[in-house]
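FYI, the numbering for the sequence shown is 1007 to 1357, going by the working numbering.
Positions of the beta carbon are idealized from the N, C-alpha and C atoms, including for glycine.
Take a look at the structure set out below.
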Amino acid sequence: ISSSPEMLSRVVLALALFAGWMPSAMAFARSGAFLSSARAARSPVSLATRVPSVRLMANPTRLTNPPDLLDDVDVFIFDCDGVIWKGDTLIDGVPAVLDKLRAAGKKCFFVTNNSTKSRKGYKKKFDSLGLDVEAEEILSSSFAAAAYLEQTKFKDTGKKAYIIGEVGIGEELDLVGVPWIGAESFKGVDADMSPQGQVEVDPDVGAVVVGFDRWVNYYKIQYAQLCINELPGCEFIATNLDAVTHLTAAQEWAGNGAMVGAIKGCTGKEPTLVGKPSPLMVDYLEFKYGFDRKRVCMVGDRLDTDVLFGNDNGLKSLLVLSGVTTEEKLLSDENKIEPDFFCDDITHFFK
């Protein structure tokens, strides 16, 4: 995986261009100002090479006095699953909290690792839940994957992407003109495993993009391993490495880490990671809005993505216990990733 600061700079520029933020993005490209911060080892990394960020001589603090947080934060970046909603169920009290934060002059953004929807799809979900969120306040890993392919000039290779995933990745690739196959068009396809059976792959595939897929099967996995193992130069890209996800409000379900792990296992390759805790999306937000990272707080329910995303990128971090992480896990001796604060859910911002 490339650790070039120039590459990371170009990908952040792609995020800006892709989001329709042309004038400032071009100024960014001319200035080269991002390169100095990019050189601080903030590049897309693999799960195998990442060392968890550990804050020594500090313990996570339960948020009992909200001004301890609110007075020092101008911008909140929220994860969605487990923080704003669970599955398709809005977490109680969330709309009032967002209204109060905005009334207090705080900016709110929503950065999700879930690639099943595009930004347009997430806007519809926010609307359906009665949440007043602007499209430019939403960033998804499907968006980041498309921007990565755009800025690495994948389209110029004449190749196409093969997607393990759902509609979100394909919709974002369509916006940048990257041809693709797979995703839901491969839903229900079975591999021929007769004595002479084989899976034929498109020789023009130049990248395999793995996102969460509720209909992943052996055919899709076999197709991916053949592309990566047998097609020269085929890239392996992961939208995220989340271990579990919230398909329903009743229980946790296996996340995209399971899909990525299957492909990693049969190829021996590490993916390029474009979602959290990769810094691409926070670098984009910083350049677009010019905020001070020390006054930004990442709010999430996962230690290894959300809290790590905050810790590794110079943000404050707050863990909510409304999602996948329990207080017992947070405070266990085995856990080495510590947020600045934790609370039961975001309604405690105003209790």
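Nonlocal neighbours in the same chain, by C-beta distance under 6 Å from residue i, ignoring five residues either side
i     : result
E1178 : S1124, S1148, F1149, A1152
E1004 : Residue 1004 lies beyond the stretch modelled for the chain, which goes from 1007 to 1357, so this question has no answer here.
Q1228 : A1197, V1205
K1188 : First, the amino acid is wrong: residue 1188 is Gly here, not Lys. Cβ within range, chain order: Y1168, I1169.
T1067 : F1347
Which of helix, strand or coil DSSP assigns to residue i
i     : result
V1330 : coil
A1151 : helix
L1145 : strand
K1357 : coil
F1218 : coil
A1110 : coil
V1173 : helix
A1255 : coil
A1260 : strand
V1250 : strand
V1139 : coil
L1076 : helix
M1265 : helix
P1101 : helix
A1230 : helix
Same chain, Cβ closer than 8 Å to residue i, neighbours up to 5 away in sequence not counted
i     : result
L1232 : V1205, V1207
T1095 : A1255
G1136 : L1096, P1101
Y1225 : F1192, V1195, D1196, A1197, V1205
F1115 : V1081, F1082, I1083, F1084, E1143, I1144, L1145, L1291
V1182 : F1024, A1152, A1153, L1155, E1156, K1161
Alpha-carbon to alpha-carbon, residue j and residue i
i     : j     : result
S1338 : T1331 : 11 Å
V1089 : G1329 : 6 Å
T1118 : F1084 : 8 Å
P1101 : G1217 : 29 Å
T1122 : A1255 : 17 Å
G1176 : S1146 : 13 Å
S1191 : G1203 : 21 Å
E1292 : F1347 : 22 Å
T1251 : G1171 : 14 Å
Beta-bridge pairing of residue i - partner residues as DSSP gives them
i     : result
A1167 : W1186, A1213
R1068 : F1348
W1091 : D1087, L1096
S1121 : Looking at the DSSP assignment, S1121 forms no beta bridge with any residue, so it has no partner.
I1243 : V1215, T1278
V1081 : K1113, V1302
Proximity test, residue i beta-carbon vs the ligand FMN heavy atom, cut-off 6 Å
i     : result
N1071 : With respect to small molecules bound, the structure shown includes none, and the ligand FMN cannot be examined in it.
Cutoff 7 Å; reference residue i; Cβ partners in own chain excluding five residues on either side
i     : result
M1199 : none
V1222 : I1170, M1265
Entirely within the stretch 1279–1353 and at least 4 residues each: give me those alpha helix (DSSP H) ranges in chain order. 1286–1295, 1314–1318, 1333–1337
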